[in-house]
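Numbering (our numbering), first residue to last: 244 to 662. To keep things clear, I will list the structure first and then write my remarks on it.
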Ligand code: GLU
């Protein structure tokens, strides 16, 4: 049957963005072919015992996309929508994300197709330990360094680190980042992605002449990224008029009490039943008139179906891949500025880099030092992206990809191909 809707894989969308920037870079065709293929994709079964004694089998993935600039780096996602295609796209984006902020890492991503909200703590621990055990030979501080992503936590990183350390018979905190502070985590890591999102958003608002006081902000997704970004927008004097999570969206023209919503979500495990705003649909939330829209949930939220109705002046991608290429072109035509995912949400992996460096040195930094260095990295590279975009008269996304691709290609050229 022929479907009227063009179904493009997430990786297909990601490649489309890459191609737009690659076309402006005059890339060697061989290098271009190499960059559109993952270095390594691993798929494996994860058998584990349910609390009721039954055996269950899930599927685990790890994709190591590119190693030209250093060990693979990227999170582990536990979500029912995890597929090889999605993990590959996410690993591809990590390659450019690490390069755009000039971290000495390649790109990687992993995942398990499961719904962590239906699993007990014991089940999660058994799944995580088996997942880590399957990857012992291919991860490590100089090989591939996982971290949290959607559905995974600092506790899950602790189990990963412990399993790896037990297998190699030495203490290796630098094998994962996003760990609890007590076992080698970094101060400021939990807040880092949301902090980076708010830093670049506020800088771009300034450039566009949008005053922070009372600026209307809409945040889709109220996990680690969305909730912290929302809180920091409020701290800066903005008004967060709507928030959402999987249970729905909540709108309050006078402003959501973000600290109250965070406390509510912590107590009830979601925003379900939250009364600090009128209940609206997730679709309506994305179309609310506002100054800044922050999609901080999953991929493919802003598509050809709703791009013409989005009424934000600025979109700051807290999530990875929230905008499809078709929607992105509509935003460009409509003069809506988009700060792309690979730059906007790079704060998380930047502090992961700080954590990895602290673990290897065995010397830990003050929170103020972490936050200061994070701001330096984000604002320096945001500035470089804006400058290139202006110079070439191209969208910020294309400029970010160009800078990132150029760095990766330079490393590949210097190293050459081992054959
Ligand atoms: N999962 C986060 C991301 O998508 C963080 C990755 C990391 O810290 O390695 O950027």
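We treat Cβ as the ideally placed atom computed from N, Cα and C, and that holds for glycine.
Can you tell me whether residue i is buried or exposed, with buried defined as 16 or more other CB within 10 angstroms of its CB?
{"i": "residue 568", "result": "buried"}
{"i": "residue 258", "result": "buried"}
{"i": "residue 645", "result": "buried"}
{"i": "residue 276", "result": "exposed"}
{"i": "residue 334", "result": "buried"}
{"i": "residue 452", "result": "exposed"}
{"i": "residue 560", "result": "buried"}
{"i": "residue 256", "result": "buried"}
{"i": "residue 598", "result": "buried"}
{"i": "residue 424", "result": "exposed"}
{"i": "residue 286", "result": "exposed"}
{"i": "residue 373", "result": "buried"}
{"i": "residue 365", "result": "exposed"}
{"i": "residue 626", "result": "exposed"}
{"i": "residue 605", "result": "exposed"}
{"i": "residue 571", "result": "buried"}
{"i": "residue 563", "result": "buried"}
{"i": "residue 389", "result": "buried"}
{"i": "residue 245", "result": "Low per-residue confidence applies at residue 245: pLDDT is 41, beneath 50, and the placement is therefore not dependable, though the value from the model is reported in the following sentence. Exposed, because fewer than 16 other Cβ atoms sit within 10 Å of the Cβ of residue 245."}
{"i": "residue 624", "result": "buried"}
Apart from the five residues on each side of it in sequence, which residues of its chain come closer than 6 angstroms, Cβ to Cβ, to residue i?
{"i": "residue 307", "result": "282, 283, 315, 351 and 387"}
{"i": "residue 329", "result": "253"}
{"i": "residue 468", "result": "436, 437, 539 and 561"}
{"i": "residue 357", "result": "301 and 321"}
{"i": "residue 331", "result": "254, 281 and 306"}
For the beta strand (DSSP E) that residue i lies in, which residues bound it at each end?
{"i": "residue 493", "result": "491 to 494"}
{"i": "residue 331", "result": "That residue, residue 331, is in no beta strand (DSSP E); its alpha helix (DSSP H) goes 327 to 343."}
{"i": "residue 501", "result": "Run containing residue 501: none in the beta strand (DSSP E); it sits in the alpha helix (DSSP H), 501 to 511."}
{"i": "residue 201", "result": "Nothing can be reported for residue 201, as the shown portion of the chain is limited to 244 through 662."}
{"i": "residue 387", "result": "387 to 391"}
{"i": "residue 474", "result": "First-last for residue 474: 467 to 478, but that is the alpha helix (DSSP H), not the beta strand (DSSP E)."}
{"i": "residue 557", "result": "555 to 559"}
{"i": "residue 229", "result": "An answer regarding residue 229 cannot be provided, because it is not within the stretch 244 to 662 covered by the chain."}
Could you tell me whether any non-hydrogen atom of the ligand SAH is closer than 8 angstroms to the CB of residue i?
{"i": "residue 638", "result": "Ligands displayed in this structure: the ligand GLU; the ligand SAH is not among them."}
My understanding is that residue i touches residue j, with C-beta atoms under 8 angstroms, so please give their C-beta distance in whole angstroms.
{"i": "residue 354", "j": "residue 304", "result": "5 angstroms"}
{"i": "residue 593", "j": "residue 300", "result": "With a Cβ gap of about 36 angstroms, residue 593 and residue 300 do not count as contacting."}
{"i": "residue 554", "j": "residue 420", "result": "At roughly 37 angstroms, the Cβ-Cβ gap does not stay under 8 angstroms, so residue 554 and residue 420 are not in contact."}
{"i": "residue 417", "j": "residue 603", "result": "5 angstroms"}
{"i": "residue 591", "j": "residue 439", "result": "7 angstroms"}
{"i": "residue 415", "j": "residue 404", "result": "7 angstroms"}
Give the DSSP-derived three-state secondary structure of residue i in the structure shown.
{"i": "residue 301", "result": "strand"}
{"i": "residue 649", "result": "helix"}
{"i": "residue 568", "result": "helix"}
{"i": "residue 348", "result": "coil"}
{"i": "residue 246", "result": "Because the pLDDT of residue 246 is 41, which lies under 50, any placement of that residue in the model is unreliable, and the question is left without a value."}
{"i": "residue 408", "result": "helix"}
{"i": "residue 456", "result": "coil"}
{"i": "residue 262", "result": "helix"}
{"i": "residue 293", "result": "coil"}
{"i": "residue 383", "result": "strand"}
{"i": "residue 607", "result": "coil"}
{"i": "residue 536", "result": "strand"}
{"i": "residue 656", "result": "helix"}
{"i": "residue 549", "result": "coil"}
{"i": "residue 596", "result": "helix"}
{"i": "residue 254", "result": "helix"}
{"i": "residue 354", "result": "strand"}
{"i": "residue 522", "result": "strand"}
{"i": "residue 308", "result": "strand"}
{"i": "residue 580", "result": "strand"}
{"i": "residue 461", "result": "strand"}
Give me, in chain order, the residues of the same chain whose beta-carbon lies closer than 7 angstroms to that of residue i; leave out the 5 immediate sequence neighbours on both sides.
{"i": "residue 311", "result": "349, 651, 654, 655 and 658"}
{"i": "residue 583", "result": "560, 639, 640 and 643"}
{"i": "residue 347", "result": "312 and 313"}
{"i": "residue 385", "result": "314"}
{"i": "residue 649", "result": "268"}
{"i": "residue 447", "result": "557, 580 and 582"}
So, for residue i: in the same chain, excluding its five sequence neighbours on each side, which residues have a beta-carbon less than 8 angstroms away from its beta-carbon?
{"i": "residue 430", "result": "424, 607, 608, 609, 610 and 613"}
{"i": "residue 558", "result": "535, 536, 537, 538, 545, 566, 574, 579, 580, 581 and 582"}
{"i": "residue 493", "result": "485, 486, 487, 499, 504, 514, 517, 519, 520, 521, 522 and 523"}
{"i": "residue 479", "result": "441, 445 and 455"}
{"i": "residue 267", "result": "635, 637, 641 and 645"}
{"i": "residue 327", "result": "284, 286, 304 and 306"}
{"i": "residue 512", "result": "360"}
{"i": "residue 587", "result": "439, 440, 443, 444, 559, 560 and 561"}
{"i": "residue 549", "result": "526, 529, 530 and 570"}
On the DSSP letters alone, give me the boundaries of the alpha helix (DSSP H) that residue i sits inside.
{"i": "residue 620", "result": "610 to 635"}
{"i": "residue 438", "result": "432 to 450"}
{"i": "residue 272", "result": "272 to 278"}
{"i": "residue 372", "result": "364 to 377"}
{"i": "residue 585", "result": "584 to 587"}
{"i": "residue 662", "result": "First-last for residue 662: undefined, no H or E at that position."}
Compare the C-beta of residue i against all C-beta atoms of chain B and say whether one is closer than 9 angstroms.
{"i": "residue 577", "result": "The displayed structure is made up of one protein chain only, and chain B is not part of it."}
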